[in-house]
Amino acid sequence: MGFSGGLQITDLNDFITPGQECIKPVKESNQPAQTETAPEPAPDAPTTQISIGENGEYFEQNQKLEKAEITLNDCLACSGCITSAETVLIESQSHKEVQKYLSSTSDKKTMIASIAPQTLASISASLGSTPSNEILLRRLRHQLKDIGFDYVFDTTFSRHLSLVEIVNEFNSLDQSNRLLLTSACPGWICYVEKTHGELIPFISTTKSPQQIMGSLVKYWFSQHINKTPSDVYHVTIMPCYDKKLEASRQDFYSDLYQTRDVDCVLTSGEIGLLFDTPVNLEVNVPNENSLSFEEQVIPHHIQHPGTSSGSYLENILNLLRLQTPNLRLETHSPRNLADSVEYLLINDENECVFKGAKCYGFKNIQNLVRKVGKERGVSSGRGAAGRMAASRGRVRTRNTGNPHDSKTLDFVEVMACPSGCINGGGQLKPGISTDKEGNERDWDSEGVAVNPSKNIEESVRWSTKNWIGRVEDIYWRASEDSKTLTVSQVDAKAGEMLAALAKEHLRTEYHAVESETSGLAVQW
Amino acid sequence: MLSEIKRFKSHQDKVWSVAFNPATNLLASSSGDHQVHLYAYLNESWTQVASLPQEHKRTVRALAWSPNGSYLATASFDASVGIWEKEDHVHDNWSCTSVLEGHESECKSVAFNNSSTLLASSSRDKSVWIWEVTSGNEPECVSVLMEHTQDVKHVTFHPHSDELLASASYDDTINIYKDDPSDDWYVSSRFKKHSSTVWACEWSPSGHHLVSVSDDLSIIAWNDAGVPTAILNNAHKRSIYTIVWLDENYIATGGADGTLSLWKLGYSDGVITKLVLVESIDKAHGGADINSLAYTPKTKTLASAGDDGSVNLYDYKSE
Chain A
20 MGFSGGLQIT
30 DLNDFITPGQ
40 ECIKPVKESN
50 QPAQTETAPE
60 PAPDAPTTQI
70 SIGENGEYFE
80 QNQKLEKAEI
90 TLNDCLACSG
100 CITSAETVLI
110 ESQSHKEVQK
120 YLSSTSDKKT
130 MIASIAPQTL
140 ASISASLGST
150 PSNEILLRRL
160 RHQLKDIGFD
170 YVFDTTFSRH
180 LSLVEIVNEF
190 NSLDQSNRLL
200 LTSACPGWIC
210 YVEKTHGELI
220 PFISTTKSPQ
230 QIMGSLVKYW
240 FSQHINKTPS
250 DVYHVTIMPC
260 YDKKLEASRQ
270 DFYSDLYQTR
280 DVDCVLTSGE
290 IGLLFDTPVN
300 LEVNVPNENS
310 LSFEEQVIPH
320 HIQHPGTSSG
330 SYLENILNLL
340 RLQTPNLRLE
350 THSPRNLADS
360 VEYLLINDEN
370 ECVFKGAKCY
380 GFKNIQNLVR
390 KVGKERGVSS
400 GRGAAGRMAA
410 SRGRVRTRNT
420 GNPHDSKTLD
430 FVEVMACPSG
440 CINGGGQLKP
450 GISTDKEGNE
460 RDWDSEGVAV
470 NPSKNIEESV
480 RWSTKNWIGR
490 VEDIYWRASE
500 DSKTLTVSQV
510 DAKAGEMLAA
520 LAKEHLRTEY
530 HAVESETSGL
540 AVQW
Chain B
18 MLSEIKRFKS
28 HQDKVWSVAF
38 NPATNLLASS
48 SGDHQVHLYA
58 YLNESWTQVA
68 SLPQEHKRTV
78 RALAWSPNGS
88 YLATASFDAS
98 VGIWEKEDHV
108 HDNWSCTSVL
118 EGHESECKSV
128 AFNNSSTLLA
138 SSSRDKSVWI
148 WEVTSGNEPE
158 CVSVLMEHTQ
168 DVKHVTFHPH
178 SDELLASASY
188 DDTINIYKDD
198 PSDDWYVSSR
208 FKKHSSTVWA
218 CEWSPSGHHL
228 VSVSDDLSII
238 AWNDAGVPTA
248 ILNNAHKRSI
258 YTIVWLDENY
268 IATGGADGTL
278 SLWKLGYSDG
288 VITKLVLVES
298 IDKAHGGADI
308 NSLAYTPKTK
318 TLASAGDDGS
328 VNLYDYKSE
């Protein structure tokens, strides 16, 4: 199967697990009994008895029941469980699908791949020589073109566009009463739509870097190479399985061109599956030290200081401090957790003018949901928003002893995974004995050792923590040769693209999923 | 050693849980009738003193008092956890001050840590949640632990260390969690020996030993490295649901065979090496399942909760 085997051995508390029971209603046309005959029911059988035929089919009163098939779209439309692509088999989002397009002989589409910077860091960390992200991308591009891709990009420029657009969105809000929650994390969005629809008004409508890359490729780059959007098959390589869910959203499908912004998403761990024989990314490839065509058309390797999950909050903080230079930055972390930090901007009068937060991981999201619910007076009564006891409730407020406790949140960078995207569910994991290219790895000699003084659980945890630290380091390692464009040049390019792309290519919308009730979900 | 002193037929349905308040003279029971009842030790005897206002929409599966006696937590099949605090200074007037939602399905167990600052809850959704409870503040979620592959039947904190939590599951294992103050709670070890659902596990009063009971009819004593030091098979004739420590030398167990058993523990080199049955009360609840046991050293009283809807109290005399 396509999902990386390394996934199970981690002990990370990624919240996205399948629900207890899928409640997809089976719609079937009860046609007259088929040729198969159902087992003869017992004379006293209840009227709704479901029996199993010889070949394992299900019959209800001699009617053969249709086998329920669950597709990705069912999961997106259902509120029955909090699901993730990690456990739902998605035919249309697999490496086999990509291979099908790569190998099609009659009117082959223009094959384009866009690789996330977190994916590059993850792959680089798994290599003994850890090439710079820039060289690694060029080697990957070389290998991908070998198997039929036409163009290979990274997604840092589309992230840049996403950051520019979210500033526009933030600036359009009423300064005295604003709250923007980032939307680049599809796991978080999935959770909000299914469990906390009351938060949708606060979710940023700016598209994620993946989806803006989709817009760029389909509606800008395709023109550049004299193609139509539907001539292009666009694959993204992401650190996250839930990006598959995002790409499959109806909002990112164009009826006009009958095409999706991103046709298929593969994870960092799945990219190796595209190759029939293992590729060695540690050897040089021709022209790996010079700018490729792609890099000349779209800027590459743009670093955004802040977090390895997109730097959304840092981006807003920088903007505000640029506007008002004498603002003082204070950070607070109630339990000293790197995944839950508040960033306060305080003016000369010691007033807090902006409260931002970084909130990663499910447990911190729970507290965010409770906090926002209280600050904004919204509650869904579902999920962990918590409610005060119906009667007699004493008013409880969180008192951390900080004078700015009463300031409401303005902006939150939310990610479902602990440590954010660098630790995404689709990333390569430590402890696998061979890397994606099939090379044996010796973690001990590379400082990703399993600590012998600890038991196995502690060791796995210990090496996982070290591993994430290693990937994070590689992510931030400046790529030396990529400074071909200055910030102002990138901004100029961004301005050009933003002008060329219609608003619909930069923004999206969200939909609360109403809870359906079905017989299977009855509580007794 | 055990002599029955009282039988409360106060519930309309199965009694699922009993718990003594460690700081006061109160006992609480919870039931399939959605009710929580309070009993008090007054004038040398136990009397029912109150029924809490109904907060839960379904069975109240488990109860836990905080060690400081200030909070009562209730875990319900309605997927929520209630936190109750004493109203004014009336000792039996408790009201629900927070309802914790987040579990996806039935809550099965609740437990407080030694400092009464953390509450753990477990659920059929396979998760264990840890909440921070400080007086006057809204509880905050500290951790969500998805470390079992099945229903988590029971959670319990270490009696002295605030950084240790154990959970028992339908997946036949016990997980021991530790707190990493710079990060999150994590599984530090997994105890595997039972061949079926582990219904409960409890640390000894000293905290040096852990004893678990299971659907596989065995009682297992574990050392702190997760090594079984004593395994008693066929301890009961049917599933064992509950275990309680009376002191460092005696435990009581109960389960689906309706028998309340008292065991003496044998130690060797500081670990439990054997369990000897010293007393068993057949049909303690008229043959119905025994779901929960609780003990208070203050009045030396053992309480049992049964499917017959009654709460039984026993006087315990050590040898």
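For the protein sequence lines, the chains are A and B, in the order given. Numbering of the first sequence is given in our numbering, commencing with residue 20 and proceeding in unit increments. Numbering of the second sequence is given in our numbering, commencing with residue 18 and proceeding in unit increments. Here a beta-carbon is modelled for each residue, glycine too, at the ideal position from N, C-alpha and C. All of these numbers come straight from a predicted model, not from anything done at the bench.
Counting C-beta neighbours from all protein chains within 10 Å, is the total for L44 (chain B) 16 or more, i.e. buried, or is it exposed?
buried
Using a Cβ cut-off of 7 angstroms, pull out every chain B residue sitting near R395 (chain A), in sequence order please.
Near R395 (chain A) there are no residues of chain B at all, since even the closest Cβ is about 15 angstroms away, more than 7 angstroms.
Could you check where the beta strand (DSSP E) with S359 (chain A) kicks off and where it finishes?
359-365
Out of curiosity, what's the CA-to-CA distance linking L387 (chain A) and L156 (chain A)?
37 angstroms
Suppose the cutoff is 8 angstroms on Cβ atoms and the five residues either side in sequence are ignored; what does the same chain contact list for K164 (chain A) look like?
V171
Validate contact between the stretch 131-149 of chain A and the stretch 168-188 of chain A using beta carbons, cut 8 angstroms, 3 pairs
yes
Measure from the C-beta of Q385 (chain A) to each C-beta in chain C and report whether the shortest distance is under 8 angstroms.
Absent from the structure is chain C; the protein chains it does hold are A and B.
Grab the span of the alpha helix (DSSP H) containing V506 (chain A) for me, first residue to last.
506-519
Taking the beta carbon of V244 (chain B) as the centre, do at least 16 other beta carbons fall within 10 Å, making it buried, or is it exposed?
exposed
Classification of T313 (chain B) by the beta-carbon crowding that lies within 10 angstroms, buried from 16 upward
buried
CB contact below 8 angstroms: K377 (chain A) versus chain B:
no
Residue burial classification, R255 (chain B) (beta-carbon count within 10 angstroms, cutoff 16)
exposed
Mind pulling the chain B residues with CB within less than 8 angstroms of F168 (chain A)?
Ordered by position in chain B, no residue passes the 8 angstroms Cβ test against F168 (chain A), which lies about 37 angstroms from the chain.
Contact the stretch 128-139 of chain B vs the stretch 87-101 of chain B: 3+ CB pairs below 8 angstroms
yes
If we cut at 8 angstroms on Cβ distances, does E157 (chain B) have a partner in chain A?
yes
Within-8 angstroms CB hit, N544 (chain A) to chain B:
An answer regarding residue 544 (chain A) cannot be provided, because it is not within the stretch 20 to 543 covered by chain A.
When you check each C-beta in the stretch 105-134 of chain B against every C-beta of chain A, which residues fall closer than 8 angstroms?
S112, C113, T114, S115, V116, L117, E118, G119, E121, S122
Against S199 (chain B), what residues of chain A qualify as contacts under a CB-to-CB distance less than 9 angstroms, listed in chain order?
N355, L356, A357
Can you give me the C-alpha to C-alpha distance between H84 (chain B) and I268 (chain B), rounded to a whole angstrom?
Inspection of the sequence shows that residue 84 (chain B) is occupied by Pro rather than by His. Taking the straight line from one Cα to the other gives about 20 angstroms.
Taking the beta carbon of I544 (chain A) as the centre, do at least 16 other beta carbons fall within 10 Å, making it buried, or is it exposed?
Chain A is shown only over 20 to 543; residue 544 (chain A) falls outside these bounds and no answer can be derived.
DSSP-derived helix/strand/coil call for G405 (chain A)
In this prediction, G405 (chain A) has a pLDDT of 39, which is less than 50 and means its spatial position is unreliable; what the coordinates show is noted afterwards. Of the three classes helix, strand and coil, the one that applies to G405 (chain A) here is coil, per DSSP.
Which residues in the same chain have their Cβ closer than 8 angstroms to the Cβ of T190 (chain B), if we skip the five residues on either side of it in sequence?
H165, R207, F208, K209, H211, V215
Is it the case that the Cβ atoms of P156 (chain B) and L117 (chain B) are separated by a distance below 8 angstroms?
yes
Near S328 (chain A), what residues of its chain come up, given a Cβ to Cβ distance below 6 angstroms and the 5 sequence neighbours on each side ignored?
M434, G439, C440
Nearest by alpha-carbon distance to T259 (chain B): which of B:V295, B:A238, B:S309 is it?
B:S309
Extract the residue ranges of the beta strand (DSSP E) inside the stretch 30-107 of chain B, only unbroken runs of 3 or more that lie entirely within it.
32-37, 43-48, 53-59, 62-68, 77-82, 88-93, 97-103
Own chain partners of A266 (chain A) with C-beta closer than 6 angstroms, once the 5 adjacent residues on each side are dropped
V281, V284
List the residues of chain B whose Cβ lies closer than 8 angstroms to the Cβ of K127 (chain A), in chain order.
Within chain B, no residue comes near K127 (chain A); the closest Cβ sits about 43 angstroms away, beyond 8 angstroms.
What did DSSP end up calling G25 (chain A) once you bin it into helix, strand or coil?
Here G25 (chain A) scores only 30 on pLDDT, less than 50, and its place in the model should not be relied on; the value that follows carries that caveat. Helix, per DSSP.
Cβ pair I289 (chain B), T246 (chain B) closer than 8 angstroms
yes
Could you give the residue range of the beta strand (DSSP E) that holds S138 (chain B)?
135-140
Proximity test, Cβ basis, 8 angstroms: F240 (chain A) and chain B
no
Per-residue DSSP class, three states only, for C436 (chain A)
coil
In terms of alpha-carbon separation, which member of A:V304, A:Y260, A:F221, A:T255 lies closest to G444 (chain A)?
A:Y260
Given this structure, state the Cα-to-Cα distance separating E432 (chain A) from I219 (chain A), to the nearest angstrom.
15 angstroms
How would you call P205 (chain A), buried or exposed, if buried means at least 16 neighbouring beta carbons within 10 angstroms?
buried
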